[in-house]
Amino acid sequence: MDWAPGALAEAASSLSSDERERVARLRLPAHREAFVAARAFLRGVLARCLGADAAALRFGATAHGKPYLTAPATCLHFNLAHSGSVALLAVAGDGPVGVDVERVRADLDLDGIARRFFRPEESAALAALPPERRTDGFFAVWTRKEALLKALGKGIAGGVDRFGVTVDPVAPARVIAAAGGPGEAARWWLADLAAGPGYRAAVAAPTTPSRLLTWAWPGPADSPASRAAEKTP
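Quick note on the numbering used here: the sequence shown kicks off at 917 and runs consecutively.
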């Protein structure tokens, strides 16, 4: 979320009065700037998808806090995540979607967090990774799980152990276990995303999309120069 001087202030003009009040309640300038950047990014992309004015978009939230559009009326689903200087937005036209990004950090008790929140088999697989892949492995698991929970619509409140995922950071992201009965794991789609050096990211949906498009922002949504990748899942 790197903005040119003055561009962030201009982008903030699209925020609603409620969003501006939330900005005012944030104490640290860095947190205020990150919030404004993420919300302006969200509004800008959705407005472009809908052919609408960014300032005219109106949002509601589910009981679990997942935002959705109330105006204009649309079938679009979306999910926003940000960490450090990176923001990711997933937009889907045919059902719920979840995305997560995390800055990879080695200054945490990753083994302790894994033992507390991960499934036992995931903690064991993480401990069995070569030391040089363990930190990346932890954040691969965390982002994969959180993307799934956000697609489910519950976030972390849904229980981090609700889904079991592949642990090795260099292995394809895949759901290998899920609460809800036989066949539940097989219906979920999960993929890692490239979010830049020092970050892990993942996207998830309850059904496999026909294709996955990823874009760098800012840039025209229909510009080949802004497209990072296009592939069939």
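Heads up, the beta-carbon is just placed ideally off N, CA and C, and yes, glycines get one too.
Cut-off 6 angstroms between Cβ atoms - residues of its own chain near residue i, not counting five sequence neighbours on either side
i, result
"Glu1062", "Asp1016"
"Gly960", "Ala970"
"Leu1045", "Gly1053"
"Ala1094", "Phe1079, Glu1100, Ala1101"
"Phe916", "Past the edges of the chain, shown from 917 to 1149, lies residue 916, and the structure says nothing about it."
"Val1076", "Phe1033, Lys1061"
Exposure of residue i, with buried meaning 16 or more beta-carbon neighbours within 10 Å
i, result
"Pro1140", "Its pLDDT being 39, under 50, Pro1140 is placed unreliably in this model, and the coordinates cannot settle the point."
"Leu1109", "buried"
"Glu1048", "exposed"
"Gly1080", "buried"
"Glu1037", "exposed"
"Leu1004", "buried"
"Leu1088", "The question names Leu, but residue 1088 in the sequence shown is Pro. Exposed, by the Cβ-count rule."
"Glu1018", "buried"
"Leu1024", "exposed"
"Ala1043", "exposed"
"Gly1014", "buried"
"Ser930", "buried"
"Ala1132", "exposed"
Simplified DSSP state of residue i, which is helix, strand or coil
i, result
"Ala1017", "Here residue 1017 turns out to be Val, not Ala, going by the sequence shown. In the structure shown, Val1017 sits in a strand (DSSP, three-state: E or B)."
"Phe1034", "coil"
"Ala1022", "coil"
"Trp1105", "strand"
"Thr1130", "strand"
"Val1151", "Absent from the structure is residue 1151, since the part of the chain shown begins at 917 and ends at 1149."
"His998", "strand"
"Gly1071", "helix"
"Leu1042", "helix"
"Arg943", "coil"
"Pro1047", "helix"
"Thr986", "strand"
"Ala968", "coil"
"Leu962", "helix"
"Gly1135", "Low confidence applies to Gly1135: its pLDDT is 43, below 50, so where it sits in the model is not reliable enough to give any reading."
"Leu992", "coil"
"Phe1065", "In the sequence as displayed, the identity of residue 1065 is Leu instead of Phe. The answer is helix: DSSP assigns Leu1065 an H, G or I state."
"Leu931", "coil"
"Leu1004", "strand"
"Ala1118", "strand"
"Gly1080", "strand"
"Gly1011", "coil"
"Ala950", "helix"
"Gly1053", "helix"
"Ala1110", "coil"
Same chain only: Cβ atoms within 8 angstroms of residue i, ignoring 5 sequence neighbours per side
i, result
"Thr978", "Tyr984, Gly1069"
"Ile1072", "Glu1062, Leu1065"
"Tyr1115", "Ser999, Gly1000, Val1002, Val1017, Glu1018, Arg1019, Val1020"
Sequence-distant residues of the same chain with beta carbon closer than 7 angstroms to residue i, five excluded per side
i, result
"Pro1085", "Arg1049, Asp1052, Gly1053, Ala1056"
"Arg1060", "Val1081, Ala1089, Leu1106, Ala1118"
"Leu958", "Leu996, Leu1005"
"Ala1041", "Val1083"
Presumed contact (8 angstroms Cβ cut-off) between residue i and residue j, rounded CB distance
i, j, result
"Arg955", "Glu935", "5 angstroms"
"Leu924", "Ala946", "Not quite, the Cβ-Cβ distance comes to about 12 angstroms (not below 8 angstroms), so this is no contact."
Residue-level contact to chain C via CB, residue i, 8 angstroms cutoff
i, result
"Asp1084", "No chain C is present in this structure, which holds just one protein chain."
Residue i beta carbon near the ligand ATP (any heavy atom closer than 7 angstroms)
i, result
"Val1017", "The model depicted lacks the ligand ATP and carries no ligand whatsoever."
Meets three-Cβ-pair contact criterion under 8 angstroms: the stretch 1101-1111 and the stretch 1121-1133: yes
Touch test, the stretch 980-998 against the stretch 948-966, Cβ-Cβ under 8 angstroms, three pairs minimum: yes
Contact the stretch 1026-1036 vs the stretch 935-946: 3+ CB pairs below 8 angstroms: no
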